[in-house]
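Residue numbers (our numbering): 1344 to 1802.
Don't be surprised by glycine CBs; every beta carbon is placed ideally from N, CA and C.
Quick caveat: nothing in here was measured; it's all calculated off a predicted structure.
So the structure is just underneath, and the comments pick up after that.
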Ligand code: SF4
């Protein structure tokens, strides 16, 4: 850690303030992936143990925290917009502003130099130090920085502070050793390390006892999980055996080391969802080589073949458009493979160079924004057609859906997902279903992203 004095002193209430609040109020926003959502739960737990309180209203807060993502350009831009807004508010009434997570780690220099109103920067391996740094900033106006990466930190003993609901996440490993050339994760989250299985199973049991019905096991490279004799397939099956859990998902496995035992577990265990997220990124071998993905198109297809032989397992994927030097013909190969594999869903991203990555050092980012945009839109539109076709094929059938909450547009409708992770919406009407029930829904209508139906019967 290093601390430098704050540029502008502020006046803030100490913890012993006469206000009816016991401690400082914290407002926190999270950007990015499920791992970041999970980290926010860890941060809340760490801070509440030290007397901080959380508020959903930013105007009530003494501390504003952003848990950030460094993977994509738009996450950067969103953060910079938010920071500018709170800079003005800080001038008016004094606030401590903290940036956590991957951007704090990857862009610490830039953030320190160009945004002097940020008080605290904390990387993903240093959340335990956050309460001290914030207290220092609040009470002594000191600027704090903690961005050391750890080979050991897994936060295994921290009980995440959840917001309730039937979905729970468990991070089973952190970091990544793959160094895909476009990706910043190995630099922001450090080397791979796995949690001990006992703490993971305890967490799963605790979640089940708190009403969680669906658990997603998280890791940047989840099938690299290893702790002594435990590999990821063994862990997955044991979590799936925890009483009370109805569904297990995991994300993201890497195609280059997808073990047969894991495929067997997905195919055989009734609780493990028959859906695998298998990031392709590109279907062209030269691009895959440049990306450092560790597999060829043929090897990826062999894996897909092995998966499809196991039964009706649905695939989803990630794709990058306009990576360094990608020609029209190379892009076309990705398009053609999408056509061949007909993913249930694809998350399509326009390549944006990330500082400190191998690609940033080695290859010019030479595809124009317009071409990148066109290719991205082409794949997004094409995937919509494919998803619509899959979803329309379900009209007239019944699907099992876990009730996860109210629909976004109406509290008179339930929302849940199929085993294949497709969103389903249906009217509550006079049904006696409850949150966390697994119900059968007759599908009557479909869009590329949502199925609409009527409840059939209790399960
Ligand atoms: S596997 Fe590749 S893309 Fe995924 S987190 Fe690791 S380096 Fe990034």
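Report the three-state DSSP secondary structure of residue i (helix, strand or coil).
i: residue 1527; result: coil
i: residue 1474; result: helix
i: residue 1494; result: coil
i: residue 1514; result: strand
i: residue 1400; result: coil
i: residue 1489; result: strand
i: residue 1787; result: strand
i: residue 1598; result: helix
i: residue 1406; result: strand
i: residue 1364; result: Note that residue 1364 has pLDDT 39, beneath the 50 cutoff, so the model's placement of it is unreliable and the number below is only indicative. Residue 1364: coil per DSSP, three-state reduction.
i: residue 1394; result: coil
i: residue 1720; result: helix
i: residue 1417; result: helix
i: residue 1794; result: strand
i: residue 1744; result: strand
i: residue 1734; result: helix
i: residue 1725; result: helix
i: residue 1540; result: helix
i: residue 1567; result: helix
i: residue 1759; result: strand
i: residue 1591; result: strand
i: residue 1579; result: helix
i: residue 1479; result: helix
i: residue 1484; result: coil
i: residue 1799; result: strand
i: residue 1782; result: strand
i: residue 1382; result: helix
i: residue 1624; result: strand
Checking contacts by CB at 8 Å: is residue i closer than that to chain C?
i: residue 1428; result: Here there is only one protein chain, and chain C is not present.
Ignore the nearest five residues each way along the sequence and tell me which others in residue i's own chain have a CB closer than 6 Å to its CB.
i: residue 1733; result: 1687
i: residue 1585; result: 1547, 1548 and 1551
i: residue 1598; result: 1621, 1638, 1643 and 1646
i: residue 1540; result: 1570, 1573 and 1578
i: residue 1685; result: 1729
i: residue 1512; result: 1377, 1381, 1559 and 1561
Within the same chain, show all residues whose beta-carbon is closer than 7 Å to that of residue i, passing over the 5 residues directly before and after it, in chain order.
i: residue 1707; result: 1667
i: residue 1379; result: 1373, 1410, 1412 and 1444
i: residue 1477; result: 1406, 1439, 1441 and 1463
i: residue 1696; result: 1702, 1703 and 1708
i: residue 1376; result: 1412
i: residue 1612; result: 1580 and 1583
Between which two residues does the alpha helix (DSSP H) holding residue i run?
i: residue 1616; result: Premise fails: residue 1616 is in no alpha helix (DSSP H) and is neither H nor E.
i: residue 1457; result: 1451–1457
i: residue 1467; result: First-last for residue 1467: undefined, no H or E at that position.
i: residue 1677; result: 1671–1684
i: residue 1663; result: No alpha helix (DSSP H) contains residue 1663, which is instead part of the beta strand (DSSP E) from 1657–1664.
i: residue 1648; result: 1640–1652
i: residue 1704; result: 1701–1705
i: residue 1632; result: 1628–1634
Between which two residues does the beta strand (DSSP E) containing residue i stretch?
i: residue 1693; result: 1688–1693
i: residue 1375; result: Residue 1375 -> no beta strand (DSSP E), and no H or E assigned at all.
i: residue 1561; result: 1557–1561
i: residue 1442; result: 1439–1444
i: residue 1768; result: 1766–1770
Assuming the contact rule is C-beta atoms closer than 8 Å, residue i and residue j should be a hit. Round their C-beta distance to whole Å, please.
i: residue 1414; j: residue 1527; result: 6 Å
i: residue 1398; j: residue 1423; result: No, residue 1398 and residue 1423 are not in contact; Cβ-Cβ is about 24 Å, not under 8 Å.
i: residue 1746; j: residue 1759; result: 5 Å
i: residue 1794; j: residue 1775; result: With 8 Å as the limit, residue 1794 and residue 1775 do not qualify as a contact, their Cβ atoms being about 22 Å apart.
i: residue 1582; j: residue 1619; result: That belief does not hold up - the Cβ atoms of residue 1582 and residue 1619 are roughly 16 Å apart, past 8 Å.
i: residue 1791; j: residue 1727; result: 4 Å
i: residue 1396; j: residue 1437; result: That pair is no contact at about 18 Å.
i: residue 1473; j: residue 1386; result: 6 Å
i: residue 1796; j: residue 1787; result: 5 Å
i: residue 1669; j: residue 1630; result: 6 Å
i: residue 1479; j: residue 1471; result: Going by Cβ atoms, the distance from residue 1479 to residue 1471 rounds to 15 Å, so no, they are not a contact pair.
i: residue 1449; j: residue 1698; result: 6 Å
i: residue 1459; j: residue 1499; result: Not confirmed; about 36 Å, so no contact.
Can you list, in chain order, the residues of its chain with a C-beta nearer than 8 Å to that of residue i? Leave out the 5 residues immediately preceding and following it.
i: residue 1722; result: 1662, 1664, 1677, 1678, 1681, 1689 and 1691
i: residue 1645; result: none
i: residue 1516; result: 1497, 1535, 1536, 1537, 1538, 1562, 1563, 1564, 1565, 1567 and 1568
i: residue 1602; result: 1566, 1574, 1575 and 1576
I'd like to confirm something about residue i: is its beta-carbon nearer than 7 Å to some heavy atom of ligand 3, or not?
i: residue 1440; result: Ligands displayed in this structure: ligand 1; ligand 3 is not among them.
Handout entry: Residues with C-beta closer than 6 Å to any heavy atom of ligand 1, in chain order
Key = 1519, 1521, 1522, 1523, 1526, 1528, 1529, 1563, 1564 and 1597
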